[in-house]
Structure formats: structure tokens, C-alpha cells
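Taking this note's numbering, the leading residue of the sequence shown gets 11, the next gets one more, and so forth. Glycine included, each C-beta is placed from N, C-alpha and C at the ideal position. All figures in this text were calculated on a predicted structure; none of them were measured in a lab.
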Amino acid sequence: MAVITYLEAIRTAMKEEMERDESVFVLGEDVGKGGVMNATKGLRDQFGEERVMDTPLAESAIAGVAIGAAMYGMKPIAEMQYADFIFPATNQIISEAALIRYRSNNDWNCPVVVRAPYGATGGGALYHSQCPESVFFGIPGLKIVAPSNPYDAKGLLKAAVRDADPVLYFEHKKCYLGITGEVPEEDYIVPIGKADVKREGTDITVISYGITVQYALRAAEELAAEGISAHVLDLRTLQPLDKEAILAAASKTGKVLIVHEDNKTGGVGAEVSALIAEELLFELDAPIMRLCGPDVPAVGMNPPMEKFFLLSTDKIMEAMRKLALF
Numbered sequence: 011m012a013v014i015t016y017l018e019a020i021r022t023a024m025k026e027e028m029e030r031d032e033s034v035f036v037l038g039e040d041v042g043k044g045g046v047m048n049a050t051k052g053l054r055d056q057f058g059e060e061r062v063m064d065t066p067l068a069e070s071a072i073a074g075v076a077i078g079a080a081m082y083g084m085k086p087i088a089e090m091q092y093a094d095f096i097f098p099a100t101n102q103i104i105s106e107a108a109l110i111r112y113r114s115n116n117d118w119n120c121p122v123v124v125r126a127p128y129g130a131t132g133g134g135a136l137y138h139s140q141c142p143e144s145v146f147f148g149i150p151g152l153k154i155v156a157p158s159n160p161y162d163a164k165g166l167l168k169a170a171v172r173d174a175d176p177v178l179y180f181e182h183k184k185c186y187l188g189i190t191g192e193v194p195e196e197d198y199i200v201p202i203g204k205a206d207v208k209r210e211g212t213d214i215t216v217i218s219y220g221i222t223v224q225y226a227l228r229a230a231e232e233l234a235a236e237g238i239s240a241h242v243l244d245l246r247t248l249q250p251l252d253k254e255a256i257l258a259a260a261s262k263t264g265k266v267l268i269v270h271e272d273n274k275t276g277g278v279g280a281e282v283s284a285l286i287a288e289e290l291l292f293e294l295d296a297p298i299m300r301l302c303g304p305d306v307p308a309v310g311m312n313p314p315m316e317k318f319f320l321l322s323t324d325k326i327m328e329a330m331r332k333l334a335l336f
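What follows is the structure, given as C-alpha cells:
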């Protein structure tokens, strides 16, 4: 299998889905030139301007056009340049895309994919570093995915394009060029709604998604030398959560650490924690721990503040040691 970057996996998934299905098209700001992240680079040369559409700087319009096209049988992939910019489109996504199947009694559906590059990469500060997945997390009618590696990135995006309902695809920007992995050239999908055990362990369980899965795996390797065996579960899909996999991972060790870059209060980890507490309270050997971004508006620009805010392998190792010793 070829070894490619996370970014190449996303681009390849779009290319293959556009080749497979003529109703699939891409729209967003500067996507014809590849977009600010180069995710769509080369697609306009292959598929033309009618299927790789540059739009005005208006996220609500991007979402609105995509939702309208989806309801008439097209398969749009709408790109938000940064997830921070998705908020003007939030009403379209929550009040229209998420509700249309319910309010039309299944007469209509909305197979739209909204790609949202999220998270901090360094120096992006308030408007280029946010993790807004929790804004959509509690909205029935939306599916949300957040891959951590190239294999899952390609398979989940292809699954999202083929889904009959709206899918928000959160891609962590720090994964783009920093994470590589083997990806099959043949067609495959990663099913939406299925978590994945990325590492087997017996002492503690770490549950995460996105870039922090990579940090957790590095931390687990380091702690193995100290005699701590960590079990790492990658959620991959945030909505719907894979309840069965979460409970299996938690019950395996009885000690659970939930890790994500988004703020702690109201984040995905709060719901995961509640699920475990409701179903497995008497099987736990320690209080459920969460390691998340602090509850401040966003990442600061200056390096000391940014370092304080962001998670790292070292911070996760420290939390894992604390949990193992409980």
C-alpha cells in the first residue's frame, strides 16, 4: 500500500468519489486553486469549473447552496476554509440540513458533506485554531466524523459522500502533513458510527479523536517502558457515538481518561463520560478523568499561552500516570 499524508488521503477521497459519481461536486472559497490548505489541488483541472466551484467569502451562502443542491439530488462537498468560519453557516446546517428529513416525514433528505479544518497548528490564534465540533454535537439529524489518520480520513470521507444525510467532516489541520500512513489504492469506506481500538492495553483506557489520538499513542508507547499498559480507543465518529465500543473499552481496564483539544465544558468528552457513568459505574476502579483544552475562548497567539493551552504527548503522559496510580 502507498504511504500518503492525511491531506493526500482527503484529496484522494474527493477525487475518487467525483470519478465514481458525476453528481459529486466541490464548492468553497478558492477551491479551484486548491483552497487555503491545498486539499482540492488539481481537482478543477480534472473536473472543470462546474464541479469545482469557487464561491464568494460567504459561508452561509456556501452551506445554503450546498444544502439546496443536495435536496435536488446532487452530492455537494462544501469546504469551510477554517472551522472557525463555520458559524455564519450554522443556522443553515442546524435549522435546514439537520431537520429536513424529520420535517418532511422522509419525503426529502440532504446528502451534503461539510468539511471543516479545525484545531490549532501554531500561531493561528483566535480565528484559525478553534474546535467547534461541540456546537453541532447535540443536534439530532447531523452525523459528525473526525479522523485521526490517513486511512480513516479517506474511508470516512468516502462514507460521508455516500451517506444519504448531512455529515460534518472535521479534519485536524495538524494532521494534514504531520501524519502519514498506509492507504489502500482500491475503493473502501470506513463505516460512520464505528470507533476503532488503536492500541490494546490492560491497565488504563484512553478515549480520544483527531490529533490527540496520535499524542495518546505516543504516550502509550513511552509508558509501556514504565510498565503501564494503555488501551487506546479512537472514536472516529462523534455523532452517533459508538456506545458499544466505548463501554467495552472502559470496562476492559476500569480506568478511563478522555482526551480532546476542544474545551472541557460541554465537549464531546462530557457525553462519553456520562455514558460510561450511566452504564458502568460499579465496574470503574477510578473516577473518569478528562484532559481537554481549558475553558477559555480560544488559543492565544503568543507561544507561552499557546503551549499552555494545547495538549501534547507529555501532558497526556502525565495524566495517564496519575490515572494508573489511582
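Secondary structure of residue 238, DSSP reduced to three states: coil
Looking at residue 91: is its Cβ nearer than 9 Å to the Cβ of residue 40? Going by C-beta atoms, residue 91 is nearer than 9 Å to residue 40.
Please report the distance separating the alpha-carbon of residue 60 from that of residue 70. 20 Å
Count the other CB atoms, across all protein chains shown, that sit within 10 Å of the CB of residue 174; report buried if there are 16 or more and exposed otherwise. exposed
So, for residue 26: in the same chain, excluding its five sequence neighbours on each side, which residues have a beta-carbon less than 8 Å away from its beta-carbon? 168, 197
Complete beta strand (DSSP E) runs within the stretch 73-153 (minimum length 3 residues, chain order): 85-89, 123-128
Anyone know if the C-beta pair for residue 155 and residue 177 falls short of 9 Å? yes
Local conformation of residue 319 per DSSP, three classes: Residue 319: helix per DSSP, three-state reduction.
Per-residue burial, residue 318 [other beta carbons within 10 Å of its own, 16 or more giving buried]: exposed
Can you give me the Cβ contacts of residue 67 inside the same chain, cut-off strictly under 8 Å, excluding the 5 residues immediately before and after it? 39
Have a look at 28, 286, 160, 111 and flag the residue whose alpha-carbon is nearest the alpha-carbon of residue 263. 286
Is there a C-beta anywhere in chain C that falls below 9 Å from the one on residue 60? Of the protein chains in this structure there is only one, and it is not chain C.
Cβ-based burial, residue 165 [other Cβ within 10 Å; buried from 16]: buried
List the DSSP bridge partners of residue 249. 154
Cβ neighbours of residue 331 in the same chain (closer than 8 Å, five flanking residues each side left out): 233, 236, 238
Rounded to whole angstroms, what's the CA-CA distance from residue 252 to residue 284? Just pull it up for me. 14 Å
Leaving out five residues on either side along the sequence, give the residues of the same chain with a beta carbon under 8 Å from the beta carbon of residue 282. Closer than 8 Å at the Cβ level, and outside the excluded window around residue 282, lie 217, 245, 251, 256, 268.
Excluding the 5 residues flanking residue 290 on each side, which residues of the same chain have their C-beta closer than 7 Å to its C-beta? 257, 260, 261
Report the three-state DSSP secondary structure of residue 178 (helix, strand or coil). Assigned with DSSP and collapsed to three states, residue 178 falls in strand.
Tell me, which residues are paired with residue 191 by DSSP? Partner(s): 14.
Which parts of the stretch 17-64 are runs of the alpha helix (DSSP H), unbroken and 4 residues or longer, counting only runs that do not cross its ends? 53-57
Out of 325, 139, 124, state which residue places its alpha-carbon closest to the alpha-carbon of residue 131. 139
How about residue 16 and residue 142: do their beta carbons lie closer than 9 Å? No, Cβ-Cβ distance for residue 16 and residue 142 is not below 9 Å.
Would you check if the stretch 186-195 and the stretch 99-119 touch, i.e. whether three or more CB-CB distances between them fall below 8 Å? no
Taking only the alpha-carbon atoms, compute the straight-line gap between residue 128 and residue 182 and give it to the nearest angstrom. 5 Å
Ends of the beta strand (DSSP E) at residue 286? In the DSSP assignment, residue 286 falls outside any beta strand (DSSP E) and lies within the alpha helix (DSSP H) extending over 278-290.
List the DSSP bridge partners of residue 303. 273
Tell me whether residue 324 is buried or exposed, calling it buried when 16 or more other Cβ atoms sit within 10 Å of its Cβ. exposed
Whose C-beta lies closer than 8 Å to the C-beta of residue 11 among residues of the same chain, with five residues either side of it excluded? 192, 193, 194, 195
Can you grab the Cα-Cα spacing for the pair residue 113 / residue 88, in whole Å? 23 Å
Excluding sequence positions up to five away, which residues of its chain have a Cβ less than 8 Å from the Cβ of residue 22? 14, 164, 193
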